[in-house]
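What follows is a set of notes on a single structure, which appears directly below.
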Amino acid sequence: LAAGMTIALAGLLIAAFVVGIDFKLPAMLVAASVAGGICAGLFDYHGAIARARFLDAAYARLIIVKNVLALLLMVGGAWWMRDATVVMFGGVISVMAALLAVRRQLADRPLAWSAARRDLAWNFAVYALPLVGANAIYSLIPLINRTLLADAHGFAEAGYFSLAADMGLRLFGTLGATLEIVLLREVLRLDETKGRRAAQKRIAANLVIVLMVALPVALGLFLVLPAFEKLLVPANFHGHFSAYMVQLLPGFLALTIFVAGLYPVFLLGKRTGMATLAAGFGLAVNLVLVFGAGELLGPERFALGQTAGFVVVLAITGWAALRALPVWPSGRDIGLILVALAAMAACVAPLSGRFPPVFELLLQGTVGALVYCGLVLAFDIARCRTLLKLWFLTRKMRRGAAVGTDGP
Numbered sequence: 067l068a069a070g071m072t073i074a075l076a077g078l079l080i081a082a083f084v085v086g087i088d089f090k091l092p093a094m095l096v097a098a099s100v101a102g103g104i105c106a107g108l109f110d111y112h113g114a115i116a117r118a119r120f121l122d123a124a125y126a127r128l129i130i131v132k133n134v135l136a137l138l139l140m141v142g143g144a145w146w147m148r149d150a151t152v153v154m155f156g157g158v159i160s161v162m163a164a165l166l167a168v169r170r171q172l173a174d175r176p177l178a179w180s181a182a183r184r185d186l187a188w189n190f191a192v193y194a195l196p197l198v199g200a201n202a203i204y205s206l207i208p209l210i211n212r213t214l215l216a217d218a219h220g221f222a223e224a225g226y227f228s229l230a231a232d233m234g235l236r237l238f239g240t241l242g243a244t245l246e247i248v249l250l251r252e253v254l255r256l257d258e259t260k261g262r263r264a265a266q267k268r269i270a271a272n273l274v275i276v277l278m279v280a281l282p283v284a285l286g287l288f289l290v291l292p293a294f295e296k297l298l299v300p301a302n303f304h305g306h307f308s309a310y311m312v313q314l315l316p317g318f319l320a321l322t323i324f325v326a327g328l329y330p331v332f333l334l335g336k337r338t339g340m341a342t343l344a345a346g347f348g349l350a351v352n353l354v355l356v357f358g359a360g361e362l363l364g365p366e367r368f369a370l371g372q373t374a375g376f377v378v379v380l381a382i383t384g385w386a387a388l389r390a391l392p393v394w395p396s397g398r399d400i401g402l403i404l405v406a407l408a409a410m411a412a413c414v415a416p417l418s419g420r421f422p423p424v425f426e427l428l429l430q431g432t433v434g435a436l437v438y439c440g441l442v443l444a445f446d447i448a449r450c451r452t453l454l455k456l457w458f459l460t461r462k463m464r465r466g467a468a469v470g471t472d473g474p
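Letter by letter, the sequence shown follows residues 67 to 474 in the working numbering.
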């Protein structure tokens, strides 16, 4: 199926060039864009297969190879060649290399159409299509805003918004997906071995872990944003990038908490339609703010609209998920997370604007991580200190057993 869709899309591109369709873009750039879209689909497909089969090593290799090569080829190509086509082909090569790196682990046995089951396919469609629709809406919101912003305020302003939106979505999207992958596996195992109630209790506990990880990332990015912008953002984007990023950050955080912390409730209960419903409301709120606040707000209404939409998604799904759970996340742990965040901010904020960007970014990151992680361990949030002690004790016992086995 994947091979057939790839061939069909490539054929459509060739047919478009043959009949003389003018894309108003260089042919190689169009070809690279189509190839990039095909590779993105293949990458997501193989990533889903690795996750469904719990092939953690294969999935890690897929992600690491793709991201490392993309960083080298796309960023390096942009810096060296200054050509969008080179950047796009860098992304294509990174995905192809990642797929080749896991081809053996993800290889399927020969399939037969006679083994297909219509009832199973229907159940999968009912379960998965709402998720696909919701994800499409989440991707559509920034695309719509980008287009409307370009029409209202020009392509330069749309570019400022796009850089912050794309960078934030990639960062927090990766964070949310990673947390979901790591935490969902234990939930599914508990559901199979100890029942639904045990799995739901694990989801409530996992929500604390999601907050413990996602909140300091968002706050940390906000605190280091001046140094980050000076160091990694093109000079002509300075000021605009940070302004949009500050407005978009709460939305990125909301989407991360939803994906990593609340999604499992609906996946476990097979109530995936809630994701589409929430996404629809989020899109509606975004459009209302974009079109309704034109006289009160300028270009910032597009960023605020996206943020409001994602926050509405979190509010709707949070209300539904917490009602479905037998227990709520630990209020003590959440309160202590906020205390640790306040301490981190108090230590990191005074360092802003005092040093060269490289040193300042490294110093702020180091100080923030030490303060926050130290308090998390001191407060034993989510039993982190207890689990760390158990891990060291288990490792020590294994070493002792190994020494005893090797001895005389």
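Built from N, CA and C at the ideal position, the CB exists for glycine as well.
Under a Cβ-count criterion, where at least 16 other Cβ atoms within 10 Å of its own Cβ denotes burial, should residue i be classed as buried or exposed?
i    : result
L436 : exposed
H304 : exposed
S160 : buried
R268 : buried
A448 : buried
E361 : exposed
T9   : The first residue shown for the chain is 67 and the last is 474, placing residue 9 beyond what the model contains.
T383 : buried
L135 : buried
P208 : buried
F425 : exposed
V354 : exposed
T460 : exposed
M463 : exposed
G371 : buried
A123 : exposed
V168 : buried
V442 : buried
F190 : exposed
D217 : exposed
A173 : exposed
A444 : exposed
Quick check on the DSSP output: the alpha helix (DSSP H) that includes residue i runs from which residue to which?
i    : result
D149 : Note, D149: premise wrong, no alpha helix (DSSP H); not H, not E.
P365 : Looking at the DSSP string, P365 is not in any alpha helix (DSSP H), and its letter there is neither H nor E.
P196 : R184 to H219
T322 : H306 to I323
A181 : Unbroken run through A181: none, as it is neither H nor E.
V134 : D122 to A136
D399 : G397 to V414
A345 : G339 to G358
F303 : Where F303 is concerned, there is no enclosing alpha helix (DSSP H), given that its DSSP letter is neither H nor E.
K267 : R262 to L298
Q430 : P423 to F445
V27  : Here the chain comprises residues numbered 67 to 474, so residue 27 is not present and cannot be evaluated.
G335 : Y329 to G335
Thinking residue i and residue j are a contact (beta carbons under 8 Å), I'd like their distance in whole angstroms, please.
i    : j    : result
K132 : F155 : Not a contact, Cβ separation roughly 14 Å.
F324 : A284 : Rounded, the Cβ-Cβ distance is 14 Å, inconsistent with contact.
Y30  : A116 : Nothing about residue 30 can be reported from this structure: the residues present for the chain run from 67 to 474 only.
A433 : C413 : Here residue 433 turns out to be Val, not Ala, going by the sequence shown. With a Cβ gap of about 5 Å, V433 and C413 count as contacting.
F368 : V378 : Not a contact, Cβ separation roughly 16 Å.
V253 : A243 : 15 Å between Cβ atoms; not a contact.
V331 : A390 : 6 Å
V158 : G102 : 6 Å
V274 : S396 : 6 Å
K336 : Y193 : 6 Å
I203 : L388 : Actually they do not touch by this definition, with Cβ atoms about 23 Å apart.
A200 : A345 : 4 Å
Leaving aside the five residues before and after residue i along the sequence, list all residues of the same chain whose C-beta is less than 6 Å from its C-beta, in chain order.
i    : result
L67  : Per-residue confidence for L67 stands at a pLDDT of 48, beneath the threshold of 50, marking its modelled position as unreliable; no derived number is given.
A164 : L128, V131 and K132
P316 : T373
L321 : F376
F421 : none
A293 : P423, E426 and L427
V299 : F307
Excluding the 5 residues flanking residue i on each side, which residues of the same chain have their C-beta closer than 8 Å to its C-beta?
i    : result
F120 : R251
L343 : I382
L417 : E426, L429, Q430 and V433
N352 : I207, I210, N211, G371, Q372, A374 and G375
M162 : C105
H219 : G364 and P365
Please return the same chain residues whose Cβ sits closer than 7 Å to the Cβ of residue i, not counting the five positions on each side in sequence.
i    : result
L245 : V276, V279 and A326
E366 : Q313
M311 : A230, G234 and L291
A411 : L285 and L289
K455 : none
L197 : T338 and A341
I403 : L277, M278, L281 and I447
E223 : L215 and P365
Any heavy atom of the ligand PLP within a distance shorter than 7 Å of the CB on residue i?
i    : result
L138 : Of the ligands one can find in the structure shown there are none, so the ligand PLP has no counterpart to examine.
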